[in-house]
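Novice:
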Amino acid sequence: MVIILIKKKNAPFISLRWILLITYIIVGIIPLMLVANTILHSIQGYFVEERKKELLSQANVVAGQLTSNDFFTSDESREALEEMILETAQDKDFRILILDSSAMVVYDTGYEDTSKTYLLPEVMEALENKDVANEQENGTVYAAASIVGGTQHAGVVLIVDSLSDVSDTVGNIAGKAYILLAMLGVIVIVVMVAMSQLFTSPIKRMINVIQKMSEGHLEQRIVVKDRLHNEIVDLALACNHMADQLEKVDSSRQQFVSNVSHELKTPLSSVKVLSESILLQEDAPKEMYVEFLHDINSEIDRMTAIINDLLTLVKLDQKEIPLNFADVDLHQMIEEICKRLSPLAAAKNITLDLQIKQEVTAEIDEMKLTLAISNIIDNAIKYTPEGGSVVVLLDADHQNAFITVSDTGIGIPEEEVTRVFERFYRVDKTRDRETGGTGLGLSITHATVMMHNGSIKVSSKEEEGTSMLVRIPLRQSQNN
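Going by my numbering, the first residue of the sequence shown is number 6, and it counts up by one from there.
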């Protein structure tokens, strides 16, 4: 069998700075150019319309003069009218043509098309008494006005004018506008480069710090400038907080390894000393062998308990232990726990008091939660001096059950209250052997309560006692 491995190509790196710059150009400069072109076209259209109105008005003036002086029928006034029309055309710098009713040119100020027939659309409309002015494709304007003679249309006045001056004017405006746009574009690009640098520089610094952290330098932190608070500052603060947590986790891991080593080294050392004592004493009595072997067996049991608790914690952390939820009477469950632990309390003359505010039924894993609550009550008894008291209170509201365990024990220093659920943590380190246990009970308890979607709160004062409040939902979410 031949297996062909195809390495997926990495996506090309595109700097966020260039993405911002290109985005600014697309969003800022291109729409600005489109708006400028639209405005220029509007200006040109306005000038053309004004020119058309002006020429059509002039054509009507000429047509009125021709009508009042009988241009087509009176030879006496025709020569004076032609001279007047020529002066008007030269003064206004456009061309005037006079056409009769058959669309034939009878007079042209340009002296080019006399006696020619102009079957232009504008001329045809003027002969139908529709004065009109239109822009032509060659950059000129035709303005035609009808000449009325009696009851008939005697002819048409056609004025032809070039729009080159309009084009020149709009071109000058466009040139200045484009120069202004170019200057504005340069300013915008400079500002965009500065802004993109402002945004990307902190991100690059964060990337450098995170890369160093990934190499194991967890002491690295991002320098946060608090002159301006924005999302980038929040991101930097979040990265620093993450670094604090990672450093804390790393420190906790190292402390955990040290604690495990210490907890296992002590019984191993005892086993070694006891076994060497047996080996070195050849004529030792049988009773000594039996006593030493009992001690070795106890130390092995202690190591086994530590290892079993560690395996349990690992499984709880990885959620490998399934929870079997069922409706359980918490009153009955806690009452059985207290009965089982009452001999320990009686041995120290401690009052173990169970108070039930109301009957509570909750959806829990009875076996695992029983172990968790037992650990809390057991710890309360262990760390309460003789003659003290431990109170277990059960209460509930419409959503949660509350189990409170209060004692009159040695208490916990304020600075160490948050550490009681750490693995191998002990309140009274001088009583490790006296109180027994592996130092993992409360860690297992905390993990179990978390798996029930609950919480534990601890309040304590040294030499006055400790109170632990466990909250457990009455009903578990369907997603669990």
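Glycine included, each C-beta is placed from N, C-alpha and C at the ideal position. It should be emphasised that the depicted structure is a prediction, and the values quoted were computed from it without experimental measurement.
Can you tell which of SER201, GLU220, GLY221, THR450 has the C-alpha that lies nearest to the C-alpha of ILE382?
Specialist: THR450
Novice: Can you give the beta carbon distance from THR119 to TYR112, rounded, assuming they're within the 8 Å contact cut?
Specialist: 7 Å
Novice: With TYR123 as the anchor, note down where its beta strand (DSSP E) starts and where it stops.
Specialist: Unbroken run through TYR123: none, as it is neither H nor E.
Novice: Work out the CA separation of GLU419 and MET338 for me, nearest whole Å.
Specialist: 32 Å
Novice: Is the stretch 59-77 in contact with the stretch 121-138, if contact means three or more CB pairs nearer than 8 Å?
Specialist: yes
Novice: Return the residue from the list PHE76, MET218, ILE24 that minimises the CA-CA distance to GLY160.
Specialist: Taking only the C-alpha atoms, the option nearest GLY160 is PHE76.
Novice: Using beta-carbon positions only, say whether GLN225 and ALA248 come within less than 9 Å of one another.
Specialist: yes
Novice: Which stretch, first to last residue, makes up the alpha helix (DSSP H) that contains SER347?
Specialist: From DSSP, the alpha helix (DSSP H) with SER347 extends over 335-352.
Novice: What whole-angstrom Cβ distance do LEU479 and ALA367 have, given they're in contact under 8 Å?
Specialist: The beta-carbon separation of LEU479 and ALA367, rounded to 5 Å, stays under the 8 Å limit for a contact.
Novice: Taking C-alpha atoms, which residue in SER465, THR389, VAL32, CYS244 lies nearest to VAL422?
Specialist: SER465
Novice: Alpha carbon to alpha carbon, how far is ASP105 from GLY144?
Specialist: 26 Å
Novice: May I have a chain-ordered list of the alpha helix (DSSP H) segments no shorter than 4 residues that lie completely inside the stretch 367-406?
Specialist: 371-387
Novice: In whole angstroms, what is the alpha-carbon distance linking VAL396 and SER472?
Specialist: 9 Å
Novice: Would you mind stating whether ILE90 and VAL67 have Cβ atoms separated by less than 9 Å?
Specialist: ILE90 places its beta carbon less than 9 Å from that of VAL67.
Novice: To the nearest whole angstrom, what separates the beta carbons of ASN354 and GLY392, a pair I think is in contact under 8 Å?
Specialist: 5 Å
Novice: Contact criterion: CB-CB distance below 9 Å. Does ILE194 meet it with respect to chain B?
Specialist: Of the protein chains in the structure, only one exists, and it is not chain B.
Novice: Let me make sure I understand the geometry here. Which of LYS209, VAL193, ASN380, LEU86 has the alpha-carbon closest to that of GLY33?
Specialist: VAL193
Novice: At what residues does the beta strand (DSSP E) containing TYR112 begin and finish?
Specialist: 110-113
Novice: Output the distance between the C-alpha atoms of GLN481 and VAL333, rounded to the nearest integer angstrom.
Specialist: Whole-angstrom Cα-Cα distance: 13 Å.
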